[in-house]
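Asks: For the sequence shown, position 341 (counting from the first letter as 1) is numbered 340 according to numbering that gives the first Met the number 0, and the numbering increases by one without interruption.
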Amino acid sequence: MIEKLLIVEDEFIVANDLTNMMENAGYNVCGTADSVESAKTAVDKYQPTWVLLDIFLQDDSMGTELAPYLQEKGIGFIYISANTNQSILEAAKATQPYGFLVKPFREKDLLIMLDIARNKHETSLQFAAQRELLLQQQVRALTDEQTTLENKLNKIPATFQSLIPFDYLAFSYMPANGDKPESGAFFRVGFNEYQVLPALEAKQLNQVFYYQDNQTQIRKSVEASILNGVAFHSFQAGRISAGGLLAPYRLNSSLQLLNKTSEGTLQLAFFNKNENGFDHAHKTLLCKNEKFVFRLFNTLSLAYAGDSKTLRRAARIQPVKSVLKFDGIYGNSAALLHVLDNVEMVADTPVTVLILGESGTGKEKIAHNIHLLSSRRNAPFITVNCAAIPADLIESELFGHEKGAFTGAIEKRIGKFEAANGGTIFLDEIGELPLESQVKLLRVLQERQFEHIGSSKTIKVDVRIVAATNRNLEKEVGEGRFRLDLFYRLNVYPINLPPLRDRKEDIPVLAQYFLSKSAEEMGRLEAPELSQTALKQLSVYNWPGNIRELNHLMERTLIKTRGPIVQSIEMPAMTRTEPMPVSATGDNRKTLEQIEAEHILSVLKSCNGKITGVGGAAEILGLPPSTLTSRMKKLGIKKELYHDR
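Quick look at the structure:
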């Protein structure tokens, strides 16, 4: 079937060029539009498969305003824009397009992006269908479960959490013949751990729920709305004065549902601490399952009416204890919990995952947990450090070779992809892969087959791909160091890991864990406790090396501590760099690379040129030695610059 394409572009010449380009490539361009309103009319008339969407359109309208309309209709879209303003780009990305191209671009890049977008769209639809079925099953199981009201209340948060992540959830159910709604709320305190909060009073209901129903006539309706970031805070400020019910929870986005039937009226309010906590997929999921969700709370209402004793017990604040689910991951910060929500959601799917985050944030731990929570858990988990393999050996390392294939190939060897067959391959530091190696990797990601070096026999593999990088791959693509087609093959389901400085509430738990782990490894009978002074020292530090740096610091601290209490910690010195000489033009501003080079040089000098091991520059900087060596080479840092003669 020839795919129909709608072009939404306000410049006639550009729209005409795009039309010719896409028709020559075999697409059916069903129409063009130059504003959001004309685009909606064209969408309804032509029902396109794809939309190429400019950001700035006629009548001062924005392409981002059309995105929700396209999402509701299940139409894939790609942004094409000459605008490079960072805030505009971020706003566009928040609408979750299937691709983004900055003008001018090559015809080849657009066709590649459409090809990749097609696969992503199909994966997205499959993923949405799985989520819908899972929510149905979970809600129906809880509805039909023969148990007490208290137990049902306790299970409500976990029923929704894995599919609609939240930090605060409230419900209000008014029976058709009732005069007072049954209500309640839950606050998340850990992974699958919640506080069951008391029933909401009338004034609190007005603060939590957006839909205020003053109609006495019963009319069936289902409505849902999303407010993220600035829109959320503006709406809240217009309704509630400072210090309202929700203020202590530091919430930044909301998804709300109103479901009104002849039996009663249900309101659900999901709140998230993230500014973009909810998207169209969450809204669609909730609306498609509204009948099952309504039945659950209708069942609760009957239980309320028949068991007032249970209701009083459930109204007290009480934690629901979690089951340890993630290996080697500690903390309860909202930033971490939302990462774990994503891990749980994507783990048991075939989707390719790209883990993004600074060095030392735990990317390999997350990758391993994705494997452990998947159906491939009993198959191999193979890690490849792309930065540590010499460029001339990468193909052999990944795909294997035959005996005699090249000088030094004294025996046949299978590669990492073959070793991972049936399981998961983790491509760590994928951003360090040379361009020539990226081409070879791309074919395997597309076709899941390859040949040994020195052989023409094709080997097919079934592997789950998880990749990770501390680089900004979009910037690397723009500067020609990373292939666009490979980036979009990998960036199917991105997971962003927060730096430790953005989850400082987890530092006490992590620090004590590392102390205990180090004590066990060193044969110490007990690990010392951290004093308030020590905890304060840890909390004010900025942690450039993240969790890896904290781990190494706790090891050093344990070695230096003999008593039962860590009174204070010898924190890493904040390195200072020599000021650069003022240029002839009087401009003494430094580039990021100059600042980075100076920082690395300063650390190297402070540890007498030692790179690896305890107290080495790699440990202090929180980088793998191979990454540090690669950065030094790129920045031109030579041995004579940091070694005293």
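Beta carbons are placed, not taken as given, at the ideal position from N, Cα and C, and that holds for glycine. This structure is a prediction, so every number in the text was calculated from the model and none was measured.
Could I get the ranges of all uninterrupted alpha helix (DSSP H) runs contained in the segment 163 to 226, with 4 residues as the minimum, in chain order?
Replies: Taking only runs of at least 4 residues, the alpha helix (DSSP H) segments lying wholly in the segment 163 to 226 are 201 to 207.
Asks: Enumerated in chain order, which unbroken segments of the beta strand (DSSP E) with a length of 3 residues or greater are wholly contained in the segment 428 to 456?
Replies: 448 to 450
Asks: Going by the beta-carbon positions, is the gap between LEU485 and TRP542 smaller than 8 Å?
Replies: no
Asks: If you follow the alpha helix (DSSP H) that LYS39 is in, where does it begin and where does it stop?
Replies: 35 to 45
Asks: Less than 8 Å between the beta carbons of ASN384 and ASP427, yes or no?
Replies: yes
Asks: Do ASN331 and ASP166 come within 8 Å of each other at the CB atom, strictly closer than that value?
Replies: no
Asks: At what residues does the alpha helix (DSSP H) containing VAL345 begin and finish?
Replies: Unbroken alpha helix (DSSP H) run through VAL345: 333 to 346.
Asks: Within the same chain, show all residues whose beta-carbon is closer than 7 Å to that of LEU441, passing over the 5 residues directly before and after it, in chain order.
Replies: ARG482, ASP484, LEU485, ARG488
Asks: Using the rule of at least 16 other Cβ atoms within 10 Å of the residue's Cβ for burial, across every protein chain shown, is SER233 buried or exposed?
Replies: exposed
Asks: For ILE652, does the count of other Cβ atoms within 10 angstroms reach 16, so buried, or fall short, so exposed?
Replies: The requested residue 652 is not part of the displayed model; the chain covers only 0 to 644.
Asks: Of all the alpha helix (DSSP H) runs that stay within the bounds of the segment 383 to 418, which reach a length of 4 or more residues?
Replies: 393 to 398, 415 to 418
Asks: Report, in whole angstroms, the separation of the C-beta atoms of GLY650 and ASN227, which I expect to be a contact under 8 Å.
Replies: An answer regarding residue 650 cannot be provided, because it is not within the stretch 0 to 644 covered by the chain.
Asks: Leaving aside the five residues before and after ALA404 along the sequence, list all residues of the same chain whose C-beta is less than 6 Å from its C-beta, in chain order.
Replies: Once the five neighbours on either side are set aside, the close Cβ partners of ALA404 are ILE452, GLY453.
Asks: Using only alpha-carbon positions, find the residue among GLY75, GLY73, LEU196, ALA91 that is nearest to ALA81.
Replies: ALA91
Asks: Could you tell me the alpha carbon to alpha carbon distance between GLY73 and ARG117, rounded to whole angstroms?
Replies: Computed Cα separation, rounded: 12 Å.
Asks: Which partner residues of TYR657 appear in the DSSP bridge assignment?
Replies: Residue 657 falls outside the range modelled here, since the chain spans only 0 to 644, and no answer is possible.
Asks: Count the other CB atoms, across all protein chains shown, that sit within 10 Å of the CB of THR532; report buried if there are 16 or more and exposed otherwise.
Replies: exposed
Asks: If you draw a straight line from the alpha carbon of GLY430 to that of PHE277, how long is it in whole angstroms?
Replies: 29 Å
Asks: For VAL188 and SER629, what's the separation of their Cα atoms in angstroms?
Replies: 41 Å
Asks: By a C-beta neighbour count over all protein chains shown, 10 Å radius and 16 as the cutoff for buried, is GLN448 buried or exposed?
Replies: exposed
Asks: Pull the bridge partners of PRO493 from the DSSP assignment, please.
Replies: LEU353
Asks: Just to confirm, are ILE381 and ILE424 a CB contact at a threshold of 8 Å?
Replies: Yes. Within cutoff.
Asks: Could you tell me if ASP391 is buried or exposed, where buried requires 16 or more neighbouring beta carbons within 10 angstroms of its beta carbon?
Replies: exposed
Asks: What did DSSP end up calling ILE79 once you bin it into helix, strand or coil?
Replies: strand
Asks: Assign SER220 to one of two classes, buried (16 or more other C-beta atoms within 10 Å of its C-beta) or exposed (fewer than that).
Replies: exposed
Asks: Given this structure, state the Cα-to-Cα distance separating VAL462 from GLY399, to the nearest angstrom.
Replies: Per the coordinates, the alpha-carbon of VAL462 lies some 16 Å from the alpha-carbon of GLY399.
Asks: Does DSSP put VAL465 in a helix, a strand or coil?
Replies: strand
Asks: Hey, GLY359 and ARG547 are a contact pair by Cβ (cut 8 Å); roughly how many whole angstroms apart?
Replies: In this structure GLY359 is in contact with ARG547, their Cβ atoms being roughly 3 Å apart against a cut-off of 8 Å.
Asks: Just to confirm, are LYS44 and TYR68 a CB contact at a threshold of 8 Å?
Replies: no
Asks: Output yes or no for whether 8 Å exceeds the beta carbon distance between SER455 and GLU394.
Replies: no
Asks: Taking just the CA atoms, how far does ARG249 sit from SER224?
Replies: Our two residues, SER224 and ARG249, have alpha carbons roughly 20 Å apart in a direct line.
Asks: Contact between the segment 4 to 14 and the segment 48 to 65: three or more CB pairs below 8 Å?
Replies: Three or more pairs of CB atoms, one per stretch, sit closer than 8 Å, so the segment 4 to 14 contacts the segment 48 to 65.
Asks: Under the rule that 16 or more other beta-carbon atoms within 10 Å means buried, what is ASN368, buried or exposed?
Replies: buried
Asks: So which of ALA466, GLU64, PHE186 has the shortest CA-CA distance to LEU35?
Replies: It is worth fixing the name first, because residue 35 is Val in this sequence and not Leu. Among ALA466, GLU64, PHE186, the Cα nearest to that of VAL35 belongs to GLU64.
Asks: Straight-line CA distance for LYS439 to LEU496?
Replies: 28 Å
Asks: Going by Cα to Cα distance, which pick from SER171, GLU417, GLU121, VAL338 is closest to ILE464?
Replies: GLU417
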